[in-house]
Amino acid sequence: MEKRITSLLEVENLKTYFFTRRGVIKAVDGISFYVKKGETMGLVGESGCGKTITGLSLLRLVPEPAGRIVEGRIIFEGEDVLKKSPTEMRKIRGSKISMILQDSMTSLNPSFRIGDQVGEVIRLHGMVRGRTLLQKVIEALRLVRIPDAEMRIRDYPHQMSGGMRQRVTGAIALSCQPSLIIADEPTTSLDVTIQAQYLRLLKELQEQTKTSLLFITHDFGIVARMCDRVAVMYAGKIVETAETRDIFDNPLHPYTRALMSCLPKIEVQLKILATIDGQPPELGDLPPGCPFAPRCSEVSEKCWRYYPPQTVVGRDHGVSCWNVHQYQNGESNRGS
Amino acid sequence: MQRYLFGRFLQTLFSLFVLLTIVFFAARLTGDPVALLAGEIATREQVEKLRAYYGLDKPMHVQYMLYLSHLARGDLGRSIVTNRRVTTLVVQRLGASLELLGAAVLLSLTAGLVTGVYCAVKRGYRFDLLGRIFAVIGQSLPVFWLGLILMLVFAVWLRLLPTSGRGGLSHIILPAVTLGCGLSAGILRLTRSSMLDILSTEYIKLARIKGLSELIVIWKHAVKNALIPVVTYFAVLLANLVAGAIVTETVFAWPGFGQLLMQAVIHRDFPLIQGIVLFVGSFVLLANVLVDILYTFLDPRIRYE
Amino acid sequence: MAVYSQKAFKNLCSIASTMRGAPKIPIVILVMVCMAAIFAPLIAQHSPTVGSLSDRMMPPFWAKGGSLNYPMGTDALGRDILSRVIFGTRISLSIALLAVFFAGSIGTTVGLVSGYFGGPIDVFLMRMVDIALSIPLILLAIILAAALGVSFTNIIVVIVLLLWPYYARQVRGETLSIKERDFVPLARVANCSHTRIIWRHILPNVVPSLLVLATLQAAFVILVESSLSFLGVGIPPPAPAWGLMVGEGRVYLASAWWLSFWPGLAIFLTVLSMNLFGDWLRDRLDPKLRQI
Numbered sequence: 076m077e078k079r080i081t082s083l084l085e086v087e088n089l090k091t092y093f094f095t096r097r098g099v100i101k102a103v104d105g106i107s108f109y110v111k112k113g114e115t116m117g118l119v120g121e122s123g124c125g126k127t128i129t130g131l132s133l134l135r136l137v138p139e140p141a142g143r144i145v146e147g148r149i150i151f152e153g154e155d156v157l158k159k160s161p162t163e164m165r166k167i168r169g170s171k172i173s174m175i176l177q178d179s180m181t182s183l184n185p186s187f188r189i190g191d192q193v194g195e196v197i198r199l200h201g202m203v204r205g206r207t208l209l210q211k212v213i214e215a216l217r218l219v220r221i222p223d224a225e226m227r228i229r230d231y232p233h234q235m236s237g238g239m240r241q242r243v244t245g246a247i248a249l250s251c252q253p254s255l256i257i258a259d260e261p262t263t264s265l266d267v268t269i270q271a272q273y274l275r276l277l278k279e280l281q282e283q284t285k286t287s288l289l290f291i292t293h294d295f296g297i298v299a300r301m302c303d304r305v306a307v308m309y310a311g312k313i314v315e316t317a318e319t320r321d322i323f324d325n326p327l328h329p330y331t332r333a334l335m336s337c338l339p340k341i342e343v344q345l346k347i348l349a350t351i352d353g354q355p356p357e358l359g360d361l362p363p364g365c366p367f368a369p370r371c372s373e374v375s376e377k378c379w380r381y382y383p384p385q386t387v388v389g390r391d392h393g394v395s396c397w398n399v400h401q402y403q404n405g406e407s408n409r410g411s
Numbered sequence: 535m536q537r538y539l540f541g542r543f544l545q546t547l548f549s550l551f552v553l554l555t556i557v558f559f560a561a562r563l564t565g566d567p568v569a570l571l572a573g574e575i576a577t578r579e580q581v582e583k584l585r586a587y588y589g590l591d592k593p594m595h596v597q598y599m600l601y602l603s604h605l606a607r608g609d610l611g612r613s614i615v616t617n618r619r620v621t622t623l624v625v626q627r628l629g630a631s632l633e634l635l636g637a638a639v640l641l642s643l644t645a646g647l648v649t650g651v652y653c654a655v656k657r658g659y660r661f662d663l664l665g666r667i668f669a670v671i672g673q674s675l676p677v678f679w680l681g682l683i684l685m686l687v688f689a690v691w692l693r694l695l696p697t698s699g700r701g702g703l704s705h706i707i708l709p710a711v712t713l714g715c716g717l718s719a720g721i722l723r724l725t726r727s728s729m730l731d732i733l734s735t736e737y738i739k740l741a742r743i744k745g746l747s748e749l750i751v752i753w754k755h756a757v758k759n760a761l762i763p764v765v766t767y768f769a770v771l772l773a774n775l776v777a778g779a780i781v782t783e784t785v786f787a788w789p790g791f792g793q794l795l796m797q798a799v800i801h802r803d804f805p806l807i808q809g810i811v812l813f814v815g816s817f818v819l820l821a822n823v824l825v826d827i828l829y830t831f832l833d834p835r836i837r838y839e
Numbered sequence: 002m003a004v005y006s007q008k009a010f011k012n013l014c015s016i017a018s019t020m021r022g023a024p025k026i027p028i029v030i031l032v033m034v035c036m037a038a039i040f041a042p043l044i045a046q047h048s049p050t051v052g053s054l055s056d057r058m059m060p061p062f063w064a065k066g067g068s069l070n071y072p073m074g075t076d077a078l079g080r081d082i083l084s085r086v087i088f089g090t091r092i093s094l095s096i097a098l099l100a101v102f103f104a105g106s107i108g109t110t111v112g113l114v115s116g117y118f119g120g121p122i123d124v125f126l127m128r129m130v131d132i133a134l135s136i137p138l139i140l141l142a143i144i145l146a147a148a149l150g151v152s153f154t155n156i157i158v159v160i161v162l163l164l165w166p167y168y169a170r171q172v173r174g175e176t177l178s179i180k181e182r183d184f185v186p187l188a189r190v191a192n193c194s195h196t197r198i199i200w201r202h203i204l205p206n207v208v209p210s211l212l213v214l215a216t217l218q219a220a221f222v223i224l225v226e227s228s229l230s231f232l233g234v235g236i237p238p239p240a241p242a243w244g245l246m247v248g249e250g251r252v253y254l255a256s257a258w259w260l261s262f263w264p265g266l267a268i269f270l271t272v273l274s275m276n277l278f279g280d281w282l283r284d285r286l287d288p289k290l291r292q293i
């Protein structure tokens, strides 16, 4: 595979567990993926599958003391993030890697003006003050297309609309020109019309600044629009990863295929909306073997006992399933 | 915001009237207000003077008007025991009480806030446990008993501090700690729970994502928001603080209005009692409004509505 | 009959399981206090009001001059302090129960009416609550005591006046949220009268949090009453009220510390136990409340 040469981020066998009174919750259980410079990587899955924790693990902001990264390597720009000291981590956060959170109403501090909140991160990493700082804040706000930026810096978060606020969080993320932005469901709490606008903005900015984007979402529609490559997560594991085109043309893992079939398609008239049977698993109570086994239509004896290793199919299409050979010939499974 | 403050101001006015009216009727409930207001060893002409002053032979509403007009001029009557103007007596004592209250509030704010924040940050660890134990003990201790025990241990047995009276720093320590104890326990609990809520919010997560040091995340971002409920708590607390002050001043013979009040009770000096109750009660109501104003400054969401 | 006993057994079992994990020491202390209150004449060795002057000012049994006959020592009138503390439980508990009962009744009624009917009634009643909460009641307690004299009834009245707004506020809040739930409009549709709805639907849901509040308030009442008694405007002598005992012993603090110490300790332990129990109760009931 071509990853070694140009990847900005390489995650190897990352495991993040939560140690609670009721047992160990394996939120992220041995995932590996990579993100190349300038590309948008999607991390897709149902809620609770571990994608948010993956994002937090990259920044080493897993909630303590219950949560801990127990194993793995996170190689960012050639260095293992997990080996860095707290001071070094703080230098990376906000400036090299930054994050856009889901709900802008709660991710902006209600007691501070947005100018201050944007300026804070610029001042911290850029070491600028005074008028230069002010200029940079206004520039950052303009970058995310906030009108009347000079007036808006004095606003408080509750005085702005949801879409505007989410742009502010975007401004905070972009202001120090990071190499990687982790976007954790940034459009989930926005109106549908605003969503499209925001995604377009993100895409444009990303192309403009050549920043890599790790896009965490549960929505395959967004993946189709935004991502160059995508990894599908289930119960703390990555079950399939491929270029977006390939995943849509040829989904291999039963879970991915089930997710695809849940997407209402315009050209197919559905009488009943398809769902996946069963419930997402309790992460503290996983059986050995593949976590999707209880809900899988292709499940076999082996699946219950051993977790399948990743098989690579075609060009850069990885899947973890014992029964993948049945679909190897690229049979289209649309509309099934 | 203007509307909110105006509403609060009106409400305070109402509360004030309720206070005034209750005090007005307190003396007259007994059926023989003269005995209360003139004292037990009054001469006939003293009684006559008082009857005229309070309008005791006139109908109730006239008396009430007279009462209000006295108050408007700041005339709270005269003490039976010393025959000095009540207003003067109370004002003289105000400084000492403010000193005690100020010291207690300062002490408990510092101790309570800092400990509360730290308990929340170190949730589940030993410090947190100790903090919570201290908090529940602090809120269960009777103020007067605590004062006496402290006095016994530090002043009588160890002779480290004076037992009573007002003076320098050494004089104010025990009374301030006594009064501040329950207060700091309450602040600790409130700060802790408030901080716990805040520490799990998204904006604190974002502050860390920005790369800010933990110290700044806690003290700049978290604490500012945690203060808001604490300030609201103060408004509720003011009334309790008065009770604590009265008790503490009595225990330590601190020359504030509380001690004056209890002395007046012992000497059956009703006009003085009445005057103190009115004065202090109004003071508390006013302080409540001030706290409300402070609150609007802390929470921008209120300010810009 | 069999049905009733089955039901009773079931209720006991559910109470027992609810009580799992309860803080043992506070409960033990509270039970001891209750027992002391009920069986005081049987437990106490001496009279709480009549003392033997030849035995005045005796220190606790471990000190020189003390005796096991008077384990906690005696006061200026030769009365056994332990007996007085035991009888004092009656005063503290009865005031706590009465005050909480009356304040709770008034406050709950106000809260229910205010929350259920809303509108101008609600606004008016809540203004009353705010006013009641902002005036420092201790001042009024003192002036009323000065005017009307000190007595058991007076102190209960004053404390009830102090307490009821807290109930009103909490019950109103709960009523507002319960009102939103489905079964209330349904009951209206079924033509239930307002009283019936309040009594049968809303009130039972308010009870758990009321219990928590009542426990914590009981602790507060004991503190308030003892402070007032300490100052001399609460329970009048010669009653063995704990606060009063501390106040009486104050003069002798340097020479006979035990006069003030034991009754104060009794207050502290009782209040502490109530607070701990109430806190535990709140933690226990809270998640359950949300499940209803």
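Chains A, B and C supply the protein sequences, listed in that same order.
Position in the first sequence (first residue = 1) + 75 = the numbering used here.
Position in the second sequence (first residue = 1) + 534 = the numbering used here.
Position in the third sequence (first residue = 1) + 1 = the numbering used here.
Heads up, the beta-carbon is just placed ideally off N, CA and C, and yes, glycines get one too.
- Interface annotation, B:F804: in contact with chain C, CB-CB separation under 8 Å.
- Residues of the region 202-220 of chain A with a C-beta atom less than 8 Å from some C-beta of chain B do not occur.
- Only residues of its own chain outside the window of five on either side were considered, and among them L724 have a CB closer than 6 Å to the CB of B:Y767, listed in chain order.
- Taking a Cβ-Cβ threshold of 8 Å, the residues of chain B close to C:A148 are A560, A561, L563, T564, L570 and F804, in chain order.
- Taken in chain order, the complete alpha helix (DSSP H) segments of 4 residues or longer contained in the region 128-195 of chain A are 161-167 and 179-182.
- Here A:S179 is not near A:P253, since their CB atoms are 8 Å or more apart.
- Within the region 746-777 of chain B, the residues whose Cβ lies closer than 7 Å to any Cβ of chain A are, in chain order, L746, S747, H755, K758 and N759.
- In the same chain as A:I128, and ignoring 5 residues on each side of it, the C-beta atoms closer than 7 Å to its own belong to T91, A102, V103 and V137, in chain order.
- Between the alpha carbons of A:C371 and A:K377 lies a gap of roughly 13 Å.
- Straight through space, the alpha carbons of C:L54 and C:L163 are spaced by roughly 40 Å.
- Residues of chain C whose Cβ lies closer than 9 Å to the Cβ of B:F688 do not exist; the shortest such Cβ separation is about 13 Å.
- With a cutoff of 8 Å on beta-carbon distance, B:L610 and B:G809 are scored as near each other.
- B:K583 carries a helical assignment under DSSP once its states are collapsed to helix, strand and coil.
- In this structure, the straight-line span from the alpha carbon of B:T564 to that of B:A576 is close to 18 Å.
- For A:D259, the secondary structure class from DSSP, reduced to helix, strand or coil, is strand.
- The C-alpha of C:L94 is placed about 30 Å away from the C-alpha of B:I807.
- A:M226 counts as exposed, since fewer than 16 other beta carbons sit within 10 angstroms of its beta carbon.
- For C:T216, the secondary structure class from DSSP, reduced to helix, strand or coil, is helix.
- Only G169, S170, S173, M174, L176, D178, T181, S182, L183, N184, P185, S186, E195, V196 and L199 from the region 169-199 of chain A bring a Cβ to less than 7 Å from some Cβ of chain B.
- Counting only Cβ-Cβ distances below 7 Å, B:Y737 has contacts in chain A at T181, S182, L183 and N184, in chain order.
- For B:H595, the uninterrupted alpha helix (DSSP H) segment begins and ends at M594 to A606.
- Per the DSSP secondary-structure output, A:H328 pairs with nothing in a beta bridge.
- Neighbours of A:I247 in chain B, taken as residues at a C-beta separation under 8 Å, are given in chain order as L740 and K744.
- Nearest CB-CB separation between B:M594 and chain C: not below the 8 Å threshold.
- The region 774-786 of chain B and the region 700-709 of chain B touch, with three or more beta-carbon pairs separated by less than 8 Å.
- Ranked by how close their Cα comes to the Cα of A:C337, the residues A:I167, A:V145, A:G296 and A:L133 have A:G296 in first place.
- The residues L772, A773 and V776, in chain order, have a CB closer than 7 Å to that of B:V818 in the same chain once the five nearest residues on each side in sequence are set aside.
- A Cβ of chain B is located within less than 8 Å of the beta carbon of C:G265.
- A:V314 and A:T331 do touch by the CB rule: their CB atoms are close to 7 Å apart, below 8 Å.
- Shown here for C:A215: same chain residues with a beta carbon closer than 8 Å to its own, the five before and five after excluded, namely V101 and G105 in chain order.
- Under the 8 Å Cβ criterion, the region 154-173 of chain A does not count as touching the region 111-128 of chain A, having fewer than three qualifying pairs.
- Of all residues in the region 128-146 of chain A, those with a C-beta nearer than 9 Å to a C-beta of chain B are L131, L134, L136, P138 and P140, reading in chain order.
- Rounded to whole angstroms, B:T735 and A:P140 show a C-alpha spacing of 16 Å.
- By the neighbour-count criterion, in which 16 or more other beta carbons inside 10 Å mark a residue as buried, B:L794 falls on the buried side.
- Counting only the Cα atoms, C:I157 lies some 58 Å from B:G745.
- Interface flag for B:T784 against chain C is set, since a Cβ pair is found closer than 8 Å.
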